[in-house]
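Numbering (my numbering), first residue to last: -11 to 77. To start, the structure under review is shown below, and the notes come after it.
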Amino acid sequence: RPGGGREMDAGKREEITIPLSTLDKLQKGNWQHADTKMHKDASKLMCKLIQAFIEETVQRSISAAEDDSEAVVDLHHLEKVAPQLLLDW
């Protein structure tokens, strides 16, 4: 879609999945020692936490678009909810 927005469909929900390899790369980018490792169960838990954060972000962005009487969620809706979202998390 132009502008990168997506039409809202209240009845349809897509499952958000993050590949563990992507999460692993994100984590290792912030570690001070290259030999630092994380247990597989901890990686799975971190993945669930990030998924919950993304789902909350999407839901708040949808609400912001609905408040603006818009049918498309766009970047400015994310920008509108980001400050409070980060404070809540």
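Idealized CB from N, CA, C, for every residue including glycine. None of the values given here were measured: they were computed from a predicted structure.
Element boundaries [alpha helix (DSSP H), containing residue i]
i: Q72; result: L63 to D76
i: K81; result: For the chain, the structure presents residues -11 to 77; residue 81 sits outside this window and is missing.
i: T10; result: L8 to K16
Residue of the options minimising C-alpha distance to residue i
i: D76; options: D55, H64 and E44; result: E44
i: P7; options: T24, K16 and C35; result: C35
i: A52; options: G17, F41 and H64; result: H64
i: T5; options: L73, I38, Q72 and E54; result: I38
i: Q72; options: F41, H21 and M26; result: F41
* Asked: Does the pairing of the region 27 to 40 with the region 10 to 18 give three or more beta-carbon distances under 8 angstroms?
  -> By the criterion of at least three beta-carbon pairs nearer than 8 angstroms, the region 27 to 40 is in contact with the region 10 to 18.
* Okay, do the region 64 to 77 and the region 38 to 54 touch, 3+ Cβ pairs below 8 angstroms being the bar? -> yes
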